[in-house]
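Participant: Have a look at the structure that comes next, please.
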Amino acid sequence: MDSYRLLRPLLFRLPPETSHQFTLRALSLAGRMHPLDQFLADAARGRLPQHPITVMGIPFPNPVGVAAGLDKHASAVDGLSALGFGFVELGTVTPLAQPGNPRPRLFRLSTINGVINRNGFNSVGLNQFLSNLACSRHTVRLGINIGKNAATPLEHAEQDYLTALRAVYGVADYIAVNISSPNTPGLRDLQGEDALDNLLGKLKDEQSRLSDNHGHYTPLAVKISPDMDQIDIDRIAESLARHELDAVIATNTTVSRPGVSAQVPQSIEQGGLSGEPLNEISSRVIARLASTLGSALPIIGVGGIMNAADAWEKFTAGASLIQLYTGLIYRGPRLLGDILTDIDRRMSSAQAGSLTELLGR
Ligand SMILES: Cc1cc2nc3c(=O)[nH]c(=O)nc-3n(C[C@H](O)[C@H](O)[C@H](O)COP(=O)(O)O)c2cc1C
Numbered sequence: 002m003d004s005y006r007l008l009r010p011l012l013f014r015l016p017p018e019t020s021h022q023f024t025l026r027a028l029s030l031a032g033r034m035h036p037l038d039q040f041l042a043d044a045a046r047g048r049l050p051q052h053p054i055t056v057m058g059i060p061f062p063n064p065v066g067v068a069a070g071l072d073k074h075a076s077a078v079d080g081l082s083a084l085g086f087g088f089v090e091l092g093t094v095t096p097l098a099q100p101g102n103p104r105p106r107l108f109r110l111s112t113i114n115g116v117i118n119r120n121g122f123n124s125v126g127l128n129q130f131l132s133n134l135a136c137s138r139h140t141v142r143l144g145i146n147i148g149k150n151a152a153t154p155l156e157h158a159e160q161d162y163l164t165a166l167r168a169v170y171g172v173a174d175y176i177a178v179n180i181s182s183p184n185t186p187g188l189r190d191l192q193g194e195d196a197l198d199n200l201l202g203k204l205k206d207e208q209s210r211l212s213d214n215h216g217h218y219t220p221l222a223v224k225i226s227p228d229m230d231q232i233d234i235d236r237i238a239e240s241l242a243r244h245e246l247d248a249v250i251a252t253n254t255t256v257s258r259p260g261v262s263a264q265v266p267q268s269i270e271q272g273g274l275s276g277e278p279l280n281e282i283s284s285r286v287i288a289r290l291a292s293t294l295g296s297a298l299p300i301i302g303v304g305g306i307m308n309a310a311d312a313w314e315k316f317t318a319g320a321s322l323i324q325l326y327t328g329l330i331y332r333g334p335r336l337l338g339d340i341l342t343d344i345d346r347r348m349s350s351a352q353a354g355s356l357t358e359l360l361g362r
């Protein structure tokens with residue numbers, strides 16, 4: 002039975018941020034009830050088709066992950082793991098704790114399956130984040146998404162990223178560098194030509210040092226914005242390839258309001274739009290990246306995946322892994338099962354020996 006269909010009307014009666022906190026707390030509690038969480042994780046893995054895929058050198062049990070922003074503070078890792086996701090991207094975490102923007106800062110656009118947020122990196126900071134993570138058994142593959150503090154001037158942003166990179170290097174399966182949130186003033190300027198080259202050079206140097214010190218290599222992915230023209234997408238792709246980044250995550254939320262009628266309540270709120278209205282733009286960015294990058298680096302596709310067909314579109318556009326956020330708000334964890342079942346069906350009908358073969362990666 003799809004219990005989320007019963008739960009959703011109750012959650013949607015609460016202010017969005019309250020229902021988000023409630024859901025995370027429930028997941029966090031479920032995750033702490035050992036061995037219940039392990040039982041649920043095993044049940045999910047048994048119930049859901051698992052087609053493994055290796056991306057960035059990491060073997061993932063399935064290609065569907067949780068996008069950044071859902072568990073910013075690493076407080077519900079075991080609960081999310083128990084739902085059967087192939088990986089969870091935690092964060093964005095900033096070096097120091099910061100409150101983010103004043104509330105309200107999260108808005109549902111229910112008639113169009115969208116969300117606008119202007120959270121502005123509310124973060125418990127690296128110390129608390131790492132101690133939360135240490136309390137979890139985290140058997141799931143983990144990405145950790147890092148950002149800069151709002152108070153750090155843009156010209157010193159690299160120091161925040163380097164601090165965060167060093168702190169999470171040993172505990173992440175991969176690290177996502179977020180330079181595309183629309184809610185931290187100036188952050189997207191880091192996608193500009195010189196700023197990006199400088200930042201990527203510093204991060205890769207530090208990654209190489211850390212790799213020697215730790216004795217293992219943790220891949221670095223960069224998360225980009227959907228609000229760019231093709232020239233900028235090509236320039237960024239070329240820069241990521243030249244600096245030998247390990248993956249690109251496309252995309253973050255959009256500041257545009259594509260096809261959103263002014264009649265939609267809340268659509269005039271400032272912030273990044275996610276969900277169904279973002280789907281097409283994000284797929285277009287992925288397709289452009291894929292044609293520019295070829296096989297230089299893999300793409301993690303995210304943005305407006307609300308059903309299995311949307312997920313398949315991201316794969317056909319060029320993604321090797323995908324992530325969900327707003328789709329989970331509207332569809333619940335059943336969305337994951339729908340996508341994995343659809344992949345399973347496609348594997349059988351194409352008689353593909355592996356997901357890599359099916360996706361032609
Ligand atoms: C409430 C909310 C908070 C988010 N916070 C972050 C964040 O902290 N870091 C980040 O990289 N992306 C963040 N995102 C963006 C998502 O990770 C994702 O890129 C975007 O929402 C598009 O996917 P979706 O349409 O499936 O939600 C956030 C999205 C939402 C809705």
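Just so you know, the sequence shown maps onto residues 2 to 362 in the working numbering. The beta carbon of each residue, even a glycine, is placed where N, CA and C say it ideally should be.
1) Taking the alpha carbon of L97 as the point to measure from, which residue in A69, F108, G126 and G80 has its own alpha carbon closest?
2) Rounding to the nearest angstrom, what Cα-Cα distance links E18 and G354 in this structure?
3) What's the C-alpha gap between A75 and L134?
4) Can you give me the Cβ contacts of E239 inside the same chain, cut-off strictly under 8 angstroms, excluding the 5 residues immediately before and after it?
5) Start and end of the beta strand (DSSP E) containing G276?
6) Would you say the stretch 134-145 touches the stretch 70-90, given that touching needs at least three Cβ pairs under 8 angstroms?
7) Is it the case that the CB of Y218 approaches a heavy atom of ligand 1 more closely than 7 angstroms?
8) By how many angstroms is the C-alpha of V67 removed from the C-alpha of N150?
9) Quick one: Cα of S181 to Cα of G171, how far?
10) Whole-angstrom Cβ separation of R109 and F13, contact assumed at under 8 angstroms?
11) Looking at the unbroken beta strand (DSSP E) that takes in Y326, where does it start and where does it end?
12) Let me check you understand the geometry: is the CB of A68 closer than 7 angstroms to at least one non-hydrogen atom of ligand 1?
13) Compute the distance between the beta-carbons of I250 and V303, then report whether it is under 8 angstroms.
14) Quick check on A251: does DSSP put it in helix, strand or coil?
15) Just checking, does the stretch 58-67 make contact with the stretch 283-299 on the three C-beta pairs under 8 angstroms criterion?
16) Buried or exposed: where does A291 fall if 16 or more other Cβ atoms within 10 Å of its Cβ makes it buried?
17) Can you tell me the Cα-Cα spacing of Y397 and D195, whole angstroms?
18) Which residue from R362, A351 and I340 puts its Cα closest to that of R48?
19) Roughly how many angstroms lie between the CA atoms of L15 and N120, to the nearest whole one?
20) Is there at least one non-hydrogen atom of ligand 1 closer than 7 angstroms to the beta-carbon of L325?
21) I'd like to confirm something about S262: is its beta-carbon nearer than 7 angstroms to some heavy atom of ligand 1, or not?
22) Any heavy atom of ligand 1 inside 7 angstroms of the beta-carbon of I306?
23) Compute the distance between the beta-carbons of S124 and V94, then report whether it is under 8 angstroms.
24) Can you say whether D213 is buried or exposed, counting buried as having 16 or more other CB atoms within 10 angstroms of its CB?
25) Less than 8 angstroms between the C-beta atoms of N118 and T254, yes or no?
26) Using the Cα positions of P60 and P53, report the straight-line distance between them to the nearest angstrom.
27) In the stretch 192-260, which residue ranges form an unbroken alpha helix (DSSP H) of at least 4 residues, counting only runs that do not cross its ends?
28) In its own chain, which residues sit with a C-beta less than 6 angstroms from the C-beta of A318, not counting the 5 before and 5 after it?
29) Measuring only from the beta carbon, is F23 closer than 7 angstroms to any heavy atom that is part of ligand 1?
30) Nearest CA to the CA of P105: which residue from Q267, P183 and R9?
31) With distances taken from CA atoms, which of G148, M307, D228 and E270 is nearest G338?
32) Under 8 angstroms by Cβ, that's how I've got I323 and V116 pegged, so tell me the actual separation to the nearest angstrom.
33) Quick check on the burial criterion: 16 or more other C-beta atoms within 10 angstroms. Buried or exposed for H215?
34) Give every residue of the same chain whose Cβ lies closer than 6 angstroms to the Cβ of L1, excluding the five residues on either side of it in the sequence, and list them in chain order.
35) Can you list, in chain order, the residues of its chain with a C-beta nearer than 7 angstroms to that of L360? Leave out the 5 residues immediately preceding and following it.
36) Using the three-state DSSP reduction, which class does E270 fall into: helix, strand or coil?
Facilitator: The short version:
1) G126
2) 43 angstroms
3) 6 angstroms
4) Once the five neighbours on either side are set aside, the close Cβ partners of E239 are T293.
5) G273 to G276
6) yes
7) Remark: the shortest separation between the CB of Y218 and any heavy atom of ligand 1 does not fall under 7 angstroms.
8) 23 angstroms
9) 24 angstroms
10) 7 angstroms
11) Per DSSP, Y326 belongs to no beta strand (DSSP E) and is neither H nor E.
12) yes
13) yes
14) strand
15) no
16) buried
17) The structure shown does not extend to residue 397, since the chain is modelled only from 2 to 362, so the question has no answer here.
18) I340
19) 18 angstroms
20) yes
21) no
22) Yes, the Cβ of I306 comes within 7 angstroms of a heavy atom of ligand 1.
23) yes
24) exposed
25) yes
26) 7 angstroms
27) 194-215 and 231-243
28) Once the five neighbours on either side are set aside, the close Cβ partners of A318 are S284, I287 and A288.
29) F23: no, Cβ never under 7 angstroms from ligand 1.
30) Q267
31) Per the Cα distances, M307.
32) The pair is not a contact, with the Cβ atoms about 18 angstroms apart (cut-off 8 angstroms).
33) exposed
34) Outside the displayed span of the chain (2 to 362) sits residue 1, for which this structure offers no information.
35) Counting only Cβ-Cβ distances below 7 angstroms, and skipping sequence neighbours, we find F316 and S321.
36) coil
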